[in-house]
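One structure below.
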Amino acid sequence: MKRSVFYLSLAVIFAAFAALICAPDKALDGARRGLSVCAATIIPSLLPFLTLSALLNALGLPHLLSRAVGPLMRRLFGVDGAVAAPLLLGLTGGYPVGAVSMAELVRRGALTDAEGSRLLPFCNNTGPAFIIGAAGSGIFGSGRVGLLLYASHIGAAFVIGILCAARRGAPADAASGNAEPAAHSLAAALPESMAHAVRTVLNICGYVVFFSVIMGLLDALGLVSGLAGRIAALTGAELHFVRAALTGIIELGGGISAMSGLHVRPCNLALASFLLGFGGLSVHCQTLAAVAGTEIKTARNFVGRLLHGVLSALFTYVLSALLF
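Using the working numbering, you'd call the opening residue of the sequence shown number 233 and step up by one each time.
See the structure below:
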């Protein structure tokens with residue numbers, strides 16, 4: 233089995249090399265689109281949040297939140313209150329701020345690897361800037377739609393957290409999470425936090441550019457359009473809708489952008505909500521990079537993100553059918 237996977241991986245890599253040689257212009261166009269997204273959206277939106285999240289972790293915010301909301305977090309999600317920090321940062325900063333914050337807590341011993349694995353699916357989320365600004369106002373021309381998408385996103389995250397707590401049962405005592413954090417001064421924490429944030433942003437931008445190139449090559453080979461046409465013919469769905477779905481499964485930003493021109497209808501909003509909840513393969517790779525060096529299991533995160541997308545789509549479809 234491992235040998236077959238190895239040969240399949242080699243075949244995919246050689247196919248990618250061949251595509252780069254055969255369609256270098258499409259690869260360059262994809263790289264330019266990816267770099268444009270990084271410059272216009274990712275760097276200005278994520279760098280401040282990643283820097284602040286690292287600072288807050290270093291200065292002891294998880295410990296303070298653990299003491300303040302510990303009983304509530306244990307009752308809802310079956311964990312120590314320290315998880316409030318990555319949950320809050322993930323819901324406000326977007327992918328992969330929650331994963332970065334969660335991994336840092338695991339490295340510091342505030343959470344166990346098992347807790348990190350269980351909690352990652354609902355702490356790592358799309359931020360309001362992208363959902364309300366890019367998806368709501370930018371694609372559907374309505375901040376109200378963006379708020380609906382964000383509300384569905386938060387609701388799905390909390391449902392997943394509660395389901396994870398129900399499967400886990402009663403929480404164990406988290407002595408490490410309640411320990412006093414080591415003292416850090418702002419002057420000492422800022423340079424380290426900034427360096428960590430810059431490394432993380434560069435890593436994220438690398439994945440965005442890489443997957444943008446992949447999408448450009450798939451377009452050049454006609455694979456996306458061909459598959460979208462077949463699915464549309466079989467299901468009766470709009471070709472534009474199917475193409476956006478396939479693009480978003482690979483790269484979130486490209487998928488949301490591909491929805492431009494779709495009307496404000498429950499099915500279209502549900503698709504946007506699914507893509508925002510699932511995150512796309514690019515976001516999953518970014519999450520893998522964020523938790524590297526820990527024992528956090530990312531297979532559960534993939535399933536959790538898929539469930540998050542389904543729940544978000546369901547909530548959005550029902551709410552939009554009632555409101556629009």
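Think of the CB as a built atom: it goes at the ideal place given N, C-alpha and C, for glycine as much as any other residue.
By how many angstroms is the C-alpha of H516 removed from the C-alpha of G438?
For the purposes of this step, residue 438 is taken as the residue at position 206 of the sequence shown. For the purposes of this step, residue 516 is taken as the residue at position 284 of the sequence shown. Taking the straight line joining both Cα atoms gives about 13 Å.
Alpha carbon to alpha carbon, how far is V456 from T283? Give it in angstroms, no decimals.
Within the sequence shown, numbered from 1, the residue matching residue 283 stands at position 51. Within the sequence shown, numbered from 1, the residue matching residue 456 stands at position 224. About 37 Å.
Compute the Euclidean distance between the alpha carbons of N289 and A521, then round it to the nearest angstrom.
On the sequence shown, position 57 is the one that residue 289 refers to. On the sequence shown, position 289 is the one that residue 521 refers to. Each residue's alpha carbon lies about 19 Å from the other.
State the Cα-Cα distance for the pair A402 and P423, rounded to the nearest angstrom.
In the sequence shown, counting from the first residue as 1, residue 402 sits at position 170. In the sequence shown, counting from the first residue as 1, residue 423 sits at position 191. Low local confidence applies: a pLDDT of 44 at A402 is under 50, so the model's placement there is unreliable, with the coordinate-based value given in what follows. Straight-line Cα distance between these residues: approximately 40 Å.
Would a C-beta distance cut-off of 8 Å place S444 and F506 closer than the cut-off?
Sequence index remark: in the sequence shown, residue 444 carries index 212 (1-based). Sequence index remark: in the sequence shown, residue 506 carries index 274 (1-based). The answer is no: Cβ separation not under 8 Å.
With DSSP collapsed to three states, give me the class of K529.
Counting from one through the sequence shown, the residue named residue 529 turns up at place 297. Note: K529 maps to coil in three-state DSSP.
Can you find the residues in the same chain that come closer than 7 Å, C-beta to C-beta, to I488, ignoring five residues on each side of it along the sequence?
Residue 488 sits at position 256 when you count from the first residue of the sequence shown. Closer than 7 Å at Cβ, skipping near neighbours: A366, A367, I371, G480, A504 and L507.
Locate the alpha helix (DSSP H) running through T432, then write down its first and last residues.
Indexing the sequence shown from 1 puts residue 432 at position 200. Looking at the DSSP string, the run of the alpha helix (DSSP H) that includes T432 is L418 to A452.
Taking all protein chains shown into account, do 16 or more other C-beta atoms lie within 10 angstroms of the C-beta of H495, making it buried, or fewer, making it exposed?
Translated into positions along the sequence shown, residue 495 becomes position 263. With fewer than 16 Cβ atoms within 10 Å of its Cβ, H495 is classed as exposed.
Evaluate E336 with the Cβ neighbour count: other Cβ atoms within 10 Å of its Cβ, from every protein chain shown; 16 or more gives buried, anything less gives exposed.
In the sequence shown, the residue the question calls residue 336 occupies position 104. Burial call: buried.
Give the range of the alpha helix (DSSP H) segment to which N357 is assigned.
As a working note, residue 357 is residue 125 in the sequence shown. No alpha helix (DSSP H) holds N357; DSSP gives it neither H nor E.
Whole-angstrom Cβ separation of I274 and I446, contact assumed at under 8 Å?
As a first step, residue 274 is located in the sequence shown; it is residue number 42 there, counting from the start. As a first step, residue 446 is located in the sequence shown; it is residue number 214 there, counting from the start. Incorrect: roughly 17 Å between the Cβ atoms, too far for contact.
Taking the alpha helix (DSSP H) that I463 falls in, what are its first and last residues?
For the purposes of this step, residue 463 is taken as the residue at position 231 of the sequence shown. Boundaries of the alpha helix (DSSP H) harbouring I463: L455 to T467, taken from the DSSP string.
Which of the three DSSP states is assigned to R497 in this structure?
Here residue 497 is taken as the residue at index 265 of the sequence shown, counted from 1. R497: coil per DSSP, three-state reduction.
With respect to the alpha helix (DSSP H) encompassing E336, which residues constitute its N-terminal and C-terminal limits?
Position 104 of the sequence shown, counted from the first residue, corresponds to residue 336. It spans V329 to R340 - the alpha helix (DSSP H) in which E336 sits, taken as one unbroken run.
Would you tell me roughly how many angstroms separate the C-alpha atoms of K258 and Y327, rounded to the nearest one?
Within the sequence shown, numbered from 1, the residue matching residue 258 stands at position 26. Within the sequence shown, numbered from 1, the residue matching residue 327 stands at position 95. K258 and Y327: Cα-Cα distance of roughly 27 Å.
Only counting the same chain, and skipping five residues up and downstream in sequence, which positions put a Cβ closer than 7 Å to that of L450?
Along the sequence shown, one-based indexing puts residue 450 at 218. V456.
In chain order, what are the residue ranges of uninterrupted alpha helix (DSSP H) at least 4 long that sit wholly in the segment 235-271?
256-269
Within its chain, find whatever has a CB closer than 6 Å to the CB of L380; leave out the 5 residues flanking it on each side and keep chain order.
Along the sequence shown, one-based indexing puts residue 380 at 148. Correct list, in chain order: L551.
How should S241 be labelled, buried or exposed, when 16 other C-beta atoms within 10 angstroms of its C-beta is the threshold for buried?
Numbered from its first residue, the sequence shown carries residue 241 at position 9. Exposed.
Are the segment 522-537 and the segment 458-465 touching, with three or more C-beta to C-beta distances below 8 Å?
no
Select from F246, P360, L554 and P276 the residue whose C-alpha is nearest the C-alpha of A383.
For the purposes of this step, residue 383 is taken as the residue at position 151 of the sequence shown. Among F246, P360, L554 and P276, the Cα nearest to that of A383 belongs to P360.
Is A490 close to chain D? Criterion is C-beta to C-beta, closer than 8 Å.
Among the chains of the structure shown, chain D does not appear; only one protein chain is present.
If I measure Cβ to Cβ from T358 and keep anything under 8 Å in the same chain, skipping five residues before and after, which residues do I get?
Counting from one through the sequence shown, the residue named residue 358 turns up at place 126. G326, Y327, H385, L484, L508, G509 and G511.
For R235, count neighbouring Cβ atoms within 10 angstroms of its own Cβ and tell me buried if that reaches 16, exposed if not.
On the sequence shown, residue 235 is found 3 positions in, with the first residue counted as 1. Exposed: under 16 other Cβ atoms inside 10 Å.
Would you say G378 and I364 are within 8 Å of each other, going by their C-beta atoms?
On the sequence shown, position 146 is the one that residue 378 refers to. On the sequence shown, position 132 is the one that residue 364 refers to. Their beta carbons are under 8 Å apart, which means G378 touches I364 by this criterion.
Tell me the DSSP secondary structure of E347 in three-state form.
Residue 347 sits at position 115 when you count from the first residue of the sequence shown. The answer is helix: DSSP assigns E347 an H, G or I state.
Within 7 Å: the Cβ of V244 and any heavy atom of the ligand COA?
Judged by which ligands are present, the structure shown has none, so any question about the ligand COA falls away.
Is the Cβ-Cβ distance between G387 and L308 less than 8 Å?
By one-based count along the sequence shown, residue 387 stands at place 155. By one-based count along the sequence shown, residue 308 stands at place 76. No; because the gap between Cβ atoms is not below 8 Å, this pair is not in contact.
I need the straight-line Cα distance from R537 to S333, nearest angstrom please.
As a working note, residue 537 is residue 305 in the sequence shown. As a working note, residue 333 is residue 101 in the sequence shown. R537 and S333: Cα-Cα distance of roughly 17 Å.
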